[in-house]
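Comments concern the structure below.
In our numbering, the protein residues as written are 5 to 267.
Right, dumping it as structure tokens:
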């Protein structure tokens, strides 16, 4: 029977409930692991593996519906755009909470931390070393993903692939330098309010970089398979929007936590 409307009535899928259970295991395992409970690390690893598994299969189904079954009409794509915008807005508010905690603690430091910021005894990181290098890397990756976007619009398949590969390489470099910075940091997440706000804000940003990198890798594979056209490439647009959001958040982190907060 021919469909008489432009909307996509999604078939029943196991992945929403599966992903929810995986997220529950991951967060519960993370809490148990941080409190040194037996089995916490195993639960965390198992939950994270389940998230990756559900991501792969859910993406597979979406690609099938969009590319091969033609369910993603212009009306559906408009709804998806609104959804991604609202998702990014919710992510903005997520980071607002971390910045709120940071500025609340730094603008009015309590006597417990010496009434100064940074707190007494904290040796802060030099913002003009690894943090500044990572800023250049992440901004360059934003330029590279924009290059890939324009190449897709102009139907330059090879240039789009090159732009995506460059973006992914820069993303991996950023993550590597961030991990090195964590290993060499003279303070830990347990070192009072400074360590807590620093590692929570930059750590969750690093997690978003990881998610964005996975998103871009999926886009690279799809571009190599010829899934994207100049008129139909919303999957890439969503990844590019998300990546630019990650760029902007890092700029705020660099200016507020690394530079201003370390003076």
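The beta carbon of each residue, even a glycine, is placed where N, CA and C say it ideally should be.
Check whether residue i and residue j have beta carbons under 9 Å apart
i: residue 227; j: residue 148; result: no
i: residue 175; j: residue 139; result: no
i: residue 15; j: residue 145; result: no
i: residue 205; j: residue 99; result: yes
i: residue 70; j: residue 212; result: no
i: residue 242; j: residue 61; result: no
i: residue 107; j: residue 260; result: yes
Simplified DSSP assignment, three categories, for residue i
i: residue 114; result: coil
i: residue 5; result: Residue placement at residue 5 is poorly supported in this model, since its pLDDT is 46, which falls under 50; the coordinates still yield a value, given next. Here residue 5 sits in coil by DSSP.
i: residue 51; result: helix
i: residue 125; result: coil
i: residue 42; result: coil
i: residue 24; result: helix
i: residue 191; result: coil
i: residue 251; result: helix
i: residue 88; result: helix
i: residue 119; result: coil
Cα-Cα separation between residue i and residue j, rounded to whole angstroms
i: residue 35; j: residue 197; result: 19 Å
i: residue 232; j: residue 172; result: 18 Å
i: residue 64; j: residue 219; result: 13 Å
i: residue 238; j: residue 122; result: 44 Å
i: residue 5; j: residue 24; result: Annotation note: pLDDT 46 at residue 5 (below 50); position unreliable, coordinate value reported separately. For residue 5 and residue 24, the distance between alpha carbons rounds to 34 Å.
i: residue 97; j: residue 90; result: 11 Å
i: residue 29; j: residue 94; result: 23 Å
i: residue 141; j: residue 255; result: 12 Å
i: residue 152; j: residue 166; result: 7 Å
i: residue 202; j: residue 159; result: 42 Å
i: residue 81; j: residue 125; result: 53 Å
i: residue 247; j: residue 92; result: 10 Å
i: residue 265; j: residue 72; result: 51 Å
i: residue 136; j: residue 208; result: 19 Å
N- and C-terminal bounds of the alpha helix (DSSP H) containing residue i
i: residue 235; result: Where residue 235 is concerned, there is no enclosing alpha helix (DSSP H), given that its DSSP letter is neither H nor E.
i: residue 175; result: 161-188
i: residue 68; result: Taken as a continuous stretch (DSSP letters only), residue 68 belongs to no alpha helix (DSSP H), as it is neither H nor E.
i: residue 320; result: One cannot answer for residue 320 here, as it falls past the ends of the chain, which runs 5 to 267.
i: residue 197; result: 196-228
Near the ligand NAP: residue i beta-carbon under 8 Å from a heavy atom
i: residue 87; result: In the structure on display, the ligand NAP does not appear, and there are no ligands present to speak of.
is_contact[residue i, chain C] using C-beta, thresh 9 Å
i: residue 25; result: Here there is only one protein chain, and chain C is not present.
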